[in-house]
Structures are given as structure tokens and as C-alpha cells.
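Below is one structure; the comments refer to it alone.
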Amino acid sequence: MRCHQNLSLLCFVLFLHSSLSFASPSCPPDQHDALLLFKNSFVLDSRASYYCYQYPSYPKTNFWKRGLDCCSWNGITCDEDTGNIVGLDLTCSWLQGALHSNSSLFLLCHLQILNLFGNNFSGSHISPNLSALTKLTHLNLSRSHFFGIVPSEISRLSKLVSLDLSSTIDESYSFPFIKLESSVFTMLVQNLTAMRELALNFVDMSMVSPISFANLSSSLTYLSVLNCSLWGNFPTTAFHLPSLTTLFLSQNLDMSGILPKSNWTSPLVYLSLRRTSFSGEIPSSIGNMTTLEVLDLNDCGFTGHIPSSLGNLKQLQTLDLAGNNFCGVLEFEPFTKLKNLRLLNVSQELNLPSNALNYTFPSLKSCGEISSSICQLNSLLYLYLFNNNLSGNIPPCFGNMTNLFYLDLSNNKFQGPLLIPPPSTSHFYAFNNGFTGEIPSSICQMRSLRYLYLYNNNLSGNLPPCFGDMTNLEYLALSSNKLQGPLPRSLLSNNKFGGPIPLPSPFSFLYSIACNNLIGKIPSLICNATELEHLNLSENGLTGSLPSCLTNFGSNLAVLNLRMNHLEGTIPQSFSQRNSLSTLDLSRNQFEGTLPLSLVNCKHLEILDFSNNRIEDTFPIWLGTLPKLKVLILRSNNFKDVVNIPMEAHLFPKLHILDLSSNNFSGPLPANLIMNLKAMINCRNGQDKSMYMTRIFQSTMYENSVTVSIKGKEIELERIFTLFTTIDLSHNSFQVDIPRVIGNLRSLIGLNLSHNHLTGSVPMTLGNLTNLEWLDLSSNKLDGVIPRQLGDLAFLGYLNLSKNQLTGRIPQDNHLSTFSNNSFGGNPGLCGTLLPKACSGDAQPPPPSSSSSFDHKGHESWFKQKEVWIGYASGMVIGISIAYIAFETRRPKWLTREKKKTTQ
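Each residue of the sequence shown is one higher than the one before, counting from 1 in full-length UniProt numbering.
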């Protein structure tokens, strides 16, 4: 019995020993503590992982708890034998804060995999201390808001097989965050000989010669350098790397190169040269790259014929040849062999007259011929044929391409009846053609249709009544046709439809029926379309009051544009705290009463235009609390009394267009208000760095527009420069001196204080406004001499000091001498060579100039001088100055509407 007990005990001990020997060890305490220190150095914010919309995003470190084995924590991988931490994957983990060089992260010396993709390290520099992690094989720091120069110490990580330092171009910046110098890249190439994957997208590599890519590791399988500012010639030898499967060189506009004529030894699967300067012919040998699945040569400089050998690429799924300079006849026959093709783009996105392609469907004669080619591509999902000279009728066999999802035939010369794509089509673009006849009712069978753009054709007749039943339709553009009859529930801007407003679909995102002849009241039932983000009813004949539900619409509506109607009554006081309005334009109506105080709830408001109404109120200083307000236009109302404003009230922090002209303001100019305009003091303060103030709704861009006074003319800006800064206080009754603090607004492009009762001298501090392009102080009671500092304003193209009480000599030794006498007329005490009244000791003045400061066509020499100054200027100021030179010398697109109006 005792023997049996001893045997049982021995078996238990052996079992316990065996179990313990197979148990995974826990992570060492020092590594456990290092991770907790790392965790506590950041805050968790979901916005830090903004770029993770395609990836799972959650705060992994939130589950790290003291006392638990860190090998069980989210994102941690431990060595099964030692327990050492060998993998740290914090992809999209909401980390917000700086990653310092003394971070406890660098104590994890056994790390082999480190992935910090999709966090926000707040502009931290990539630490040289990464070199302490000598066992790293995989390093990913991409899209995590690192900043500065890549340290050379990275090249010491000789075991790396995968490196991703990809930056990003942030929405509010137009430049990359990370820079890679030539010497560092050379060391990376020399030392990282085991490298298989290298991604440097959006990293500034402008100092790196593309020839360096010839020395890349022969084991490289993946190379991606999108938008890296590379320039120079890319070596063809890189196409011969024996293991390379992926090569992305896109968006390096100044990088040139040619495709190799032979020896395509790389097993390439993905090749993208989009928006580079690669040129020459596509060699027929490309047909030997039978592993290719994606070939993207969009917007390059390729010439010659499209080789028929492309038909040998049987695995090809994407073929994009748009925007090149091919010649000859486009043959669809080779493409019919590509049974896996999902996207075909042979459109011309560049300068069409420079292309010599003879694209005519009549040359293909019949549906049979086309069905033997393009219509045989049954797997095709995306077909782009826009911007060509395609003509003739669309063959009906297009309707047999049953998988077609996206069809773009726009900007061609197609004629005849409108093609109806297959029911699977979601996006159909056929604008800018010559299609005739009615829109067939069979279009309503396209139950998947979301985007339908048919504007600028010759379509006529009534619209199919079934349009109202197309519940998935989100965007409909039928403008500039000959349509008539009842108005459907659609987007029908720029036609001549009349009658009352039709109600949009409850699921519409965007509803625009601007520029029609609609009359009657705005129905309150329009508010049932709760998904609306953009409502544009402008330039119609609408009457009645504004439905209160539109000011309490919900959390989606971002743009409400009702300008140029006949709306009246008071503006409802019901703007809710949950609204998302960014643009509110009620200008050119007949609203009266006071501004609703509930506007302070519009925390996202950027543009507010109440101009040309009958509003009677004091200056709404409370609008200054809106944190994003950039444009405030109250022109042509009955506002009065600018109340006393504390100097450091921190109001209007982002305002850069202020128009209070043609009101009843009186008293001194509001100096403290001027001191609060921080965005006008520093052009980098409050600006979003994009060129125009736009908003994207799905795939449709909405461009904000305003009417302002520029150089003595009322201009409708169809697009607003984000760096456009102007103040217009003209046509009021402001008195006393111009405050000297106005010279602090160094970002000002335009200043108009004309037609007031201002007295005193012109302040010398105006000479500090070095970006100023127009200055109008006319029709006041200003006295004293003209300060010489005004002549130092190199960009000043318009100056009007007329009808004041200025005295003395007009300074002649600077820029002021380039203006005509109309800039100074109506000042009896002024003298100088530009005026009939000569100063003592001057030669006889020339006869009065027939030109004026309002029209610089008579000042060609001034333009030459200004162009020289512009050549030495820097930054966005150059672009703005050139834009306004363009206004005086030619008709830029964004000012077209003003020119048309003034010529009527």
C-alpha cells in the first residue's frame, strides 16, 4: 500500500514538473514597468488616430494593468522561451503626446517588431535612440505626426527587413512633416542589405538623387515613395531588381525616366508612375510582365502608340493610361483578352489639342465591332473615357456590361439618344456632350444609381416622373439643357424651372436648385430631409419668411445658402447647439429686425453673410466668440454703434474678411476691435493652409463665394482665397483719427475706409502693411502730408486718397510716383508733378493723365516693376499678388462673374 502511495506521489511530481516546464514565462518586471511608463506619457484621444478610418482603432494601452503579466496585454508579443517583449503593435491606439528621446520605449532592447502607425506624437522628432533597438526587423512609424529630419542612426538597424516612415500631408499643411537627407538615404541603402519592404510616402526627399535607387537591396520586394518631391532621372536598373513585386513612384512631378525596352526581370505585380514625368514610348516588351495586376501610368508624358502587347497581361485588373500624349487609333481589341480587368481608363486629362489620338466610335462602325472589343469586358467595373474626341452614338451593347459600376463618358462629342447603362451602375457621368431627346424613363430601372451628371447636353422634354422614386439617387446635375415641365426632386441648378420648390428625397445629402425661377414660400416640409448637408436655394424668386426649422435643422446641415431671393421678416431665434453650420448666406433679401442671439450656438460657422438686408441692430460683438468664424459680411444694412470692446477680449480669432460698409456706424474707428483680429496680424494664425475655402460633400466640392469691394469695384469672388484678408468700413459715419494700431494688421491685402468723416493725418504705421494691395481713404477729412512710408508698399496696386484735405508735396522718390493724378485729386493743398498744381521749385507738370489709379492699363512700366518685386517675394503672398495682377490684365476664372456683370 505504501509503495502504491509513493508511486502516485512520484507521478504527480513528474506531471507538475512537466507542466511547469511547458508554461510560458511572464515578462520581466523591468519591461513591465517600462511599458507602464510609456503608457502614462500619453493621453488617449480618438482624434489622434484620425487616419485609421480603414483600420481597427481602439486604445490598446487602456487595457494595460499593473500586476498582470504584460505578455497578455493588447499589442504585446513575448518570446516564448524568455518572456522578453519582442513585439509592440500599437497601430491606431489613440496615443496623443510627445515621444521624447528618453522614453522608456527605448529600454525594450529585445524588440524585433515596433509598429506605431496611426497615432499622434505631436510633431516629435524621430529619436536617434531608436538605434538602441538593435534587434528590430520591422519598424513602422507612419502617419503618426513625426516631424523633422530622419536621423542617420536609423541606418544602424542592420537587421531591418521592413521600414515604413511614411508621413502625410495634413489637411491644414501643404508640406510634408518628415525630411530625408541624401546622406542618410545613402547609408540606409548601404547598411540595410536585408531590406525587403521600404515605404517613404510623403517624406521630403528633394535632396535625394533618384540614381540612389539603383543600389537598393536585391532582396527588395516593395518600394513606395509617393509624393516625395523627388526630381531627376529614375534609373531603369531599378526595374531589374529580381524580387521586386511592388513599385509606387507616383506624384513625384519632376522625376523623369523611361521604361526599359527589355530585361523586365522583376516579378512586378503593382507598378504606378502616376503624375510623374516619365516619358517615351511604352515598349512592347511590357507584355512580358505577365504577373502585373495594376499598371497605372496616369498623367505622365508617354507618347507613341499604345502597344497591343498589353493584351498579354492576363492578370491585369487595373489599366490606367489617361492623360498622356499617345497617337494613332485607339484599338480596343487587345483589351478584350484581359478577362480580369476591373478598371480601364484611357481618358485624356491634360491638354487635349496636344493629343493626336483619333478616337471615334464611327470608325468602329457598329455595336458588333464594339461588342467584340470593349463590350466583351464583362468583369469591368470602372470605365473612364472622358475628355476625348469620341463622337457618334453610344452602342446599346454597353448595357450588356452587367458588372459596370462607374461609367464616365463626359467631355466628348457623343450625339443621339442618351445611353442607359446597366442597372448595376452607381456613377454615370455624361455631361458636356451633345446627347439629344428625352431622358428615357428606363433610367429609373437603375436602382443602384447614386450619381447622375447630364448637364451641358441638348436633352429636352419632360423629366420622367419616376425620378422621385429613385431613392438611392444622391447627386443629380441636369443644368444647361432644354428640359421643361414639372420639377422633380433633384438637383436642377441653372435651368429655367419655375413654380414652387419641390421637396427633396428624405435621404438626399445635397439639394441645390439655385439660379432658377422658383417662386413661393420655402415649405417647412423641406426639413424632413434630415440627411441634408448642403441646401442651396439661392438666386430664385422665393418669398415669405424663413422657416424656423431651417435654423434648428439637426446636426448634418453645413451649408445654407438662400441669397438673392425676396425673403422677408425676422430671422428665427432658434439656432440650436447641435447644429453644424459652416456657411450661412442670407444676403440680398429683405430680412429685418435684429440678429438672432442664438447664432452663438453655431460653433462651426466660418462664413456669415447678411449683406443687403434691412437688419437694424448694434454691432454683434458676441459673434466674436465663434471660434472658426473667418468671414463676416454685414454690408448694406442699418447697423450702428460699435460698443466698447476690451483690448484682450480674444474675439474673432480667425476673422480675415470683415465688411461693415454702407451701414450707420459712427464715432471713432474701433481700435480695440482691430487689436483683436489676430488672423490679420499674422497670416499664419487662423489660416488652414489650403488655397481656397471649400467644403467636400461626398465627391462634390462646394466653393464658398462672397461679394467684396476690390480696388474700387464690387467683385463677386466665386472662390475665396484662405489668405485673402480685407477690411471694408466704407460708407459709414466714422469720425476722428485713423487709429495707429491698424498698422499691426500685417496680413491685410485690402483696406477701405472711404466715405466716412475721418480726420487727422494718414498714420505712418500704414507703411507696416507690407502685403497691402489696395488702400482707399477717399472722401474723408484727412489732413497733413502723405506719409512717405506708403511708397514702400511694394504690392500696392491701387491707391485712392482723393477728396480729402491733404497738403504738401506728393512724395516722388518711391512707389507713389507710379500712380495717376486721380489717386490724389480733390485735395486743394496737395502739389506735385502728378497734379496740375506744381510745388515750389518744380518743373512745369505734365498735362493730366487720361488713365486713373482705378485702371492700370496705362501703367505698364509699373507692372514690370511690380513683377520684379514679386520675383523677390516669398510664400503665398506671391500667389495672391499675381492673382490680382491677373484681375487687372486678364480675366481670371474666379472673377468671371464680376466682369460679366459690369459689362451688362
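Beta carbons: idealized from backbone N, C-alpha and C, even for Gly.
In whole angstroms, what is the alpha-carbon distance linking residue i and residue j?
i: Leu-834; j: Leu-655; result: 38 Å
i: Ser-779; j: Ile-439; result: 58 Å
i: Tyr-455; j: Leu-478; result: 4 Å
i: Asp-296; j: Thr-318; result: 7 Å
i: residue 931; j: Lys-314; result: In the structure displayed, the chain extends from 1 to 904; residue 931 sits before or after that span and is not available.
i: Glu-539; j: Pro-500; result: 14 Å
i: Gly-826; j: Ser-574; result: 50 Å
i: Phe-819; j: Thr-807; result: 17 Å
i: Pro-396; j: Leu-223; result: 43 Å
i: Thr-551; j: Gly-434; result: 42 Å
i: Leu-180; j: Gln-96; result: 24 Å
i: Phe-619; j: Ser-582; result: 21 Å
i: Gly-569; j: Pro-596; result: 12 Å
i: Leu-463; j: Ile-615; result: 41 Å
i: Gly-399; j: Ser-555; result: 40 Å
i: Phe-431; j: Asn-345; result: 17 Å
i: Arg-809; j: Asp-783; result: 13 Å
i: Leu-515; j: Leu-537; result: Per the sequence presented here, residue 515 reads as Cys, with Leu not at that position. If I take the Cα positions, the gap works out to 8 Å.
i: Phe-610; j: Leu-751; result: 20 Å
i: Leu-723; j: Lys-713; result: 20 Å
i: Leu-271; j: Asn-403; result: 25 Å
i: Ser-41; j: Ser-424; result: 51 Å
Under a CB-based cut-off of 8 Å, is residue i close to chain B?
i: Asn-298; result: This model lacks chain B altogether; it includes just one protein chain.
What is the DSSP secondary structure of residue i, counted as helix, strand or coil?
i: Leu-193; result: The question names Leu, but residue 193 in the sequence shown is Thr. In this structure, Thr-193 counts as coil in the three-state DSSP scheme.
i: Trp-94; result: coil
i: His-305; result: coil
i: Asn-472; result: coil
i: Gly-399; result: helix
i: Thr-336; result: helix
i: Val-184; result: helix
i: Lys-39; result: helix
i: residue 936; result: The requested residue 936 is not part of the displayed model; the chain covers only 1 to 904.
i: Thr-707; result: strand
i: residue 992; result: Nothing about residue 992 can be reported from this structure: the residues present for the chain run from 1 to 904 only.
Verify whether the separation of the beta carbon atoms of residue i and residue j is less than 8 Å.
i: Leu-769; j: Gly-797; result: no
i: Asn-664; j: Asn-732; result: yes
i: Phe-302; j: Gly-287; result: no
i: Leu-163; j: Leu-198; result: yes
i: Gly-791; j: Pro-763; result: no
i: Phe-414; j: Leu-390; result: yes
i: Ala-214; j: Ala-194; result: no
i: Asn-233; j: Ser-256; result: yes
i: Leu-535; j: Pro-572; result: no
i: Lys-628; j: Leu-605; result: yes
i: Asn-528; j: Pro-502; result: no
Could you tell me if residue i is buried or exposed, where buried requires 16 or more neighbouring beta carbons within 10 angstroms of its beta carbon?
i: Pro-504; result: buried
i: Val-736; result: exposed
i: Gln-590; result: exposed
i: Gln-190; result: exposed
i: Lys-261; result: exposed
i: Ser-183; result: exposed
i: Tyr-51; result: buried
i: Lys-39; result: buried
i: Ser-218; result: exposed
i: Ile-211; result: exposed
i: Leu-247; result: buried
i: Thr-168; result: buried
i: Ser-840; result: exposed
i: Gln-31; result: buried
i: Ser-823; result: buried
i: Tyr-53; result: exposed
i: Asn-517; result: exposed
Are three or more beta carbon pairs between the segment 702-713 and the segment 674-682 nearer than 8 Å?
-> Not touching, per the Cβ criterion.
Below 8 Å, can you find three or more Cβ-Cβ pairs linking the segment 47-59 to the segment 98-114?
-> Judged by Cβ distances under 8 Å, the segment 47-59 makes no contact with the segment 98-114, as fewer than three pairs qualify.
If you pair each beta-carbon of the segment 62-82 with each one of the segment 34-50, do three or more pairs fall below 8 Å?
-> yes
Pair every Cβ in the segment 206-213 with every Cβ in the segment 149-165, then say whether three or more of these pairs are closer than 8 Å.
-> no
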